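Structure record follows, encoded as structure tokens.
Number of protein chains: 2
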Amino acid sequence: MPDISKRGQNIPASPIRKLVPFARAARDRGTKIYLLNIGQPDIKTPENAIEAIKQKDIKVLGYSHSAGNETYRRKLVNYYKTFGVTLDYTDIIVTTGASEALAFTLMACLDEGDELIVPEPFYANYNSFSLSGGINIRPITAKIEDDFALPPIAEFEKLITANTKGILICNPSNPTGYLYSKEELIALKKIAKKHDLFLFVDEVYREFCYGDKKFHSVLTLSGVEQNVIVFDSISKRYSACGARIGMVVSRNKVVMDAVMRFAQARLSPPTLAQIVAEATLDTDPSYLKEVIKEYDNRRKTLIKRLQAMDDVICPNTGGAFYVFAQLPIDDSETFCRWLLEAFEYKGATVMMAPGSGFYATKGLGKQEVRIAYVLKEDDLHKAMDCLEAALNVYPGRLKKEDQGMEVLV
Amino acid sequence: MPDISKRGQNIPASPIRKLVPFARAARDRGTKIYLLNIGQPDIKTPENAIEAIKQKDIKVLGYSHSAGNETYRRKLVNYYKTFGVTLDYTDIIVTTGASEALAFTLMACLDEGDELIVPEPFYANYNSFSLSGGINIRPITAKIEDDFALPPIAEFEKLITANTKGILICNPSNPTGYLYSKEELIALKKIAKKHDLFLFVDEVYREFCYGDKKFHSVLTLSGVEQNVIVFDSISKRYSACGARIGMVVSRNKVVMDAVMRFAQARLSPPTLAQIVAEATLDTDPSYLKEVIKEYDNRRKTLIKRLQAMDDVICPNTGGAFYVFAQLPIDDSETFCRWLLEAFEYKGATVMMAPGSGFYATKGLGKQEVRIAYVLKEDDLHKAMDCLEAALNVYPGRLKKEDQGMEVLV
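Note that the protein sequences, when read in sequence, are chains A and B.
Just so you know, we're using my numbering here: the first sequence kicks off at 1 and counts up by one.
Just so you know, we're using my numbering here: the second sequence kicks off at 1 and counts up by one.
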């Protein structure tokens, strides 16, 4: 039997999805599971978007342009204007989800052995896209005590070598919910200019910002037009994760030309989903307003509940729909599995994403979990009841004096 | 401005799509263009498949399983049975088109510097998927005088090194229309077993076989279950290119596990299109029968017309919906561009794919074009009228004695 490749061996299993068999077994035993582990919202997709596909007269379900339908790209230009970004439609290439946007762009910009600096904890799949292309992620640890703010720029400077090609952030952040300030973006701009680096920003959660904090797109920064590349998606904004419509946005024509050639090789993004995606742009603005309000209420509830638990640290967040909390536990992978295998409270348990999967530095995140607030408040309360009860009886609960001490492997 | 990567520079532009600007200009001048350049059929997608999406009650357009919906995968098992292949549903992973199936599988099986033997001319995008992963294609030239049959196995043996990981064919072939015989597949099986190689087969055109010739799937060969990996798609079978639903099929669990991890990183194949894809399997068998008959008629017409032209060589084909013909021209890229820029006959011209884009060996294919018979017979006749008229006046027409002499660059 021929051997598979080294990268085939090394591509990590999704840290979130590897708990699925245990969840299935729990469900089969009759346990109710509150799913807070993945970013699959329970929010309804705009009806007008679903309706658009039903109204469309399709005789031949043909390829679209490799860069996506021009009508859609032109309409997106107007959408970007709403948050102060002026683009030409050729600055946008429609992709099969933000996943493909990331995969193509990293391939187009970085060669094998090139390095990408990424503040950790970060979206776990950045690992897979990098590994596929032989790209090395150099992590910089953001601290829970700073609410996972941008680490000091001096830390970035320390990591920059001749192989460093770019910096990648997610704003607002999956998994931490941190919303980067304008000052932080300007700091990144300066270092990108100084060292001639790409500044890759995943902005798929940009609408979901809360409280007084305002979202700033990296696309509004002047002087780094050739460095900045944004990844975007309709998945979260319009609760259309299954559409698989994302985009690469950049004014750097050389990058866009290369991304386009990758896009040509896979022929076209999904045609049906582009009809849905184009229609989302006609959604009444009240839809997003209500969704944001709903998430904000959930966020407040979740943070309040977590902060009220003994020995739990939960930062205040500014965006997205995640919190990244520290729990008094020995190992988050063990804990999350134990919740599914060996625990229930009032016939229910909770599924969360172990923190360790979001760090590149080995040993970090063992006391942390990512919680997605993709359930209604009432269910969030019940899920937090489960978590609270679980922490009281979990055999691997840490004593107060051990908490915050990373257990290194 | 930061530099893009070497692979970003090297990924070729689609040889087919780079003529698009010239076609657009011709169209804007009012010239009718017969589009024989890409495999986008004019055949109607089955109505029941389109209807399925209209009937579906979708509230939240959520992710599907990373491997595709289980209901769809289980139904595909029955489809594979219809041509003698017995599978478990876990032997199938649903992908975003056969393109993603190829990209993930090559990444999972080959490392940078590994080699893949591919008979040329071959589907041009195999180049891009290989280049992305640093994989080297080693071509073996199939000859037009043999109808592009499998080159002698001795030629394969000559190319095998310690870095060779697999052989890739397309059966029936895009771009040549050649249908591999059982004997040829057995010859490939033997060499794959002997040298412990993967045998990758792109079978997306398997229904489209003509005359007495019968299709044989590589999945029916015994003794190479661990070597064989098949790429498949609903794009051509059901004229649903825009759905972007393909699949990887293999009984090799190690490969499938690695492909699955790549699939997890991109979360899910398109959800809407999977509804369409699942419904295609309920299409009345008369649909495919009629489509095959339609293509066969077109094929006969096209071959007859081409073979009747002076100094044109057109092999008889056994499958797919392409012919790969040799024309008395100096350079097919120049000729195809000239057809769009400087020629018209009765207000029309023809767009074809230059042959050179389908060869890895430089200098080959300069007198060849790929013609997709994706238009009705009447239009095919008019397109051939154009081509015939064009060959009479094309300034780069070769004299009889020069034809077949490859003009090396």
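Every residue, glycine too, gets a C-beta built ideally from N, C-alpha and C.
Fair warning: this is a prediction, and the values are worked out from it, not measured in the lab.
For this session: Scan the region 322 to 377 of chain B and note each continuous beta strand (DSSP E) run of 3 residues or more that stays entirely inside, going in chain order.
Result: 322 to 326, 348 to 351 and 368 to 372
Problem set entry | 8 Å Cβ cutoff met for B:S66 and B:M352 | As a position in the second sequence, residue 66 of chain B is number 66, starting the count at 1. As a position in the second sequence, residue 352 of chain B is number 352, starting the count at 1. Against a cut-off of 8 Å, the Cβ pair of B:M352 and B:S66 comes out as no contact.
Exercise. Helix or strand or just coil, what does DSSP make of B:I53?
Worked result: Walking along the second sequence from the start, residue 53 of chain B turns up at place 53. It is helical.
Exercise. Between B:K293, B:L288 and B:V323, which lies nearest to B:R305 when the distance is taken from Cα to Cα?
Worked result: Position 305 of the second sequence, counted from the first residue, corresponds to residue 305 of chain B. Out of B:K293, B:L288 and B:V323, B:V323 has the C-alpha closest to the C-alpha of B:R305.
Exercise. With respect to 7 Å, is the separation between the Cβ of A:G242 and the closest non-hydrogen atom of the ligand ZN below this value?
Worked result: Annotation note on the ligand ZN: not contained in the displayed structure, which lists no ligands.
Problem set entry | Buried or exposed by the 16-neighbour rule on C-beta atoms within 10 Å, applied to B:G133 | Within the second sequence, residue 133 of chain B is the residue found at index 133, counting from 1. When all chains shown are included, B:G133 counts as buried.
Problem set entry | Runs of beta strand (DSSP E) lying entirely within the region 9 to 59 of chain B, each at least 3 residues, in chain order | 32 to 35
For this session: Within the same chain, show all residues whose beta-carbon is closer than 7 Å to that of A:L391, passing over the 5 residues directly before and after it, in chain order.
Result: Residue numbering aside, residue 391 of chain A sits at position 391 when the first sequence is read from its first letter. Hits under 7 Å: M309, L327, P328 and R397.
Problem set entry | Selected residue, minimal CA-CA separation from A:D111, among A:I135, A:P119, A:E100 and A:F122 | Translated into positions along the first sequence, residue 111 of chain A becomes position 111. Comparing Cα positions, the closest option is A:I135.
Problem set entry | Inter-stretch contact (C-beta, 8 Å, three-pair minimum) for the region 57 to 74 of chain A and the region 275 to 287 of chain A | yes
Problem set entry | Residue range of the unbroken alpha helix (DSSP H) whose run includes A:N127 | Residue mapping note: residue 127 of chain A aligns to position 127 of the first sequence, counting from 1. Per DSSP, A:N127 belongs to the alpha helix (DSSP H) from N125 to S132.
Exercise. Any residues in the region 132 to 156 of chain B with a beta carbon nearer than 8 Å to a beta carbon of chain A? Which ones, in chain order?
Worked result: S132, G133 and G134
Exercise. For A:L387, which of helix, strand or coil comes out of DSSP?
Worked result: Stepping through the first sequence from its first residue, residue 387 of chain A is reached at position 387. Helix.
For this session: Take B:I53 and list the residues in its own chain whose beta-carbon comes closer than 7 Å to its own, dropping the five residues that flank it on each side.
Result: If you number the second sequence from 1, residue 53 of chain B lands on position 53. Cβ neighbours of B:I53 beyond the five flanking positions: L272, I275 and V276.
For this session: Tell me the start and end of each unbroken alpha helix (DSSP H) in the region 168 to 204 of chain B that is at least 4 residues and wholly inside, in chain order.
Result: 182 to 195
Exercise. What runs of the alpha helix (DSSP H), each 4 residues or longer, lie entirely inside the region 219 to 280 of chain B?
Worked result: 253 to 265 and 271 to 280
For this session: Would you verify that the beta carbon of A:V409 is, or is not, closer than 8 Å to some beta carbon of chain B?
Result: Counting from one through the first sequence, the residue named residue 409 of chain A turns up at place 409. Caution is warranted here: a pLDDT of 34 is assigned to A:V409, below 50, making its placement in the model unreliable, and the coordinate value is therefore given only provisionally. No, no contact with chain B.
Exercise. Is the region 372 to 380 of chain A close to the region 4 to 20 of chain B, with three or more CB pairs under 8 Å?
Worked result: no
For this session: Check whether the Cβ of B:C109 lies closer than 8 Å to any Cβ atom in chain A.
Result: Translated into the one-based positions of the second sequence, residue 109 of chain B becomes position 109. Yes, contact with chain A.
Problem set entry | Residue(s) in a DSSP beta bridge with A:F92 | Residue mapping note: residue 92 of chain A aligns to position 92 of the first sequence, counting from 1. Inspection of the sequence shows that residue 92 of chain A is occupied by Ile rather than by Phe. Bridge partners of A:I92: A:V249.
For this session: Give the interface partners of A:T96 over in chain E, defined as CB-CB distance under 9 Å, in chain order.
Result: The displayed structure is made up of protein chains A and B, and chain E is not among them.
Exercise. Helix or strand or just coil, what does DSSP make of B:L408?
Worked result: Within the second sequence, residue 408 of chain B is the residue found at index 408, counting from 1. In this predicted model, B:L408 has a pLDDT of only 39, less than 50, meaning its place in the structure is not dependable enough to derive any value.
Problem set entry | For B:C109, three-class secondary structure by DSSP | Residue numbering aside, residue 109 of chain B sits at position 109 when the second sequence is read from its first letter. Residue state, collapsed to three classes: helix.
For this session: Please classify A:M1: is it buried, with 16 or more other beta-carbons within 10 angstroms of its beta-carbon, or exposed?
Result: Position 1 of the first sequence, counting from 1, holds the residue named residue 1 of chain A. So A:M1 counts as exposed.
Exercise. Using the rule of at least 16 other Cβ atoms within 10 Å of the residue's Cβ for burial, across every protein chain shown, is A:V409 buried or exposed?
Worked result: For this step, residue 409 of chain A is matched to residue 409 along the first sequence. Residue placement at A:V409 cannot be trusted, given a pLDDT of 34 that sits under 50; what the coordinates show is reported in the next sentence. A:V409 is exposed by the Cβ-count criterion.
For this session: May I have the straight-line CA-CA distance separating B:G97 from B:H216, to the nearest angstrom?
Result: For the purposes of this step, residue 97 of chain B is taken as the residue at position 97 of the second sequence. For the purposes of this step, residue 216 of chain B is taken as the residue at position 216 of the second sequence. Each residue's Cα considered, the two are about 22 Å apart.
Problem set entry | Positions along the region 61 to 89 of chain B whose CB lies within less than 8 Å of some CB in chain A | L61, G62, Y63, S64 and S66
Problem set entry | B:A154, buried or exposed, once every other Cβ within 10 Å from all chains shown has been counted against 16 | Numbered from its first residue, the second sequence carries residue 154 of chain B at position 154. The residue is exposed, with fewer than 16 neighbouring Cβ atoms inside 10 Å.
Exercise. For the region 195 to 207 of chain A, which residues have a beta carbon sitting closer than 8 Å to at least one beta carbon of chain B?
Worked result: D196, L197 and F198
Problem set entry | Proximal residues of chain A, C-beta to C-beta of B:F129 below 7 Å | In the second sequence, counting from the first residue as 1, residue 129 of chain B sits at position 129. Neighbours of B:F129 on chain A, chain order: A265.
Problem set entry | Delimiting residues of the beta strand (DSSP E) encompassing B:R138 | On the second sequence, residue 138 of chain B is found 138 positions in, with the first residue counted as 1. From DSSP, the beta strand (DSSP E) with B:R138 extends over N136 to T141.
For this session: Look at the alpha carbon of A:E406 and the alpha carbon of A:I144, and state the distance between them as a whole number of angstroms.
Result: Here residue 406 of chain A is taken as the residue at index 406 of the first sequence, counted from 1. Here residue 144 of chain A is taken as the residue at index 144 of the first sequence, counted from 1. Unreliable positioning characterises A:E406 in this predicted model, as indicated by a pLDDT of 49, which lies under 50. A coordinate reading is not provided.
Exercise. Which residues, in order along the region 9 to 29 of chain B, keep a beta-carbon less than 8 Å from a beta-carbon of chain A?
Worked result: Q9, I11, P12, A13, S14 and R17
For this session: Flag B:C336 as yes if its beta-carbon sits less than 8 Å from any beta-carbon of chain A, otherwise no.
Result: Translated into positions along the second sequence, residue 336 of chain B becomes position 336. No, B:C336 does not count as interfacial toward chain A.
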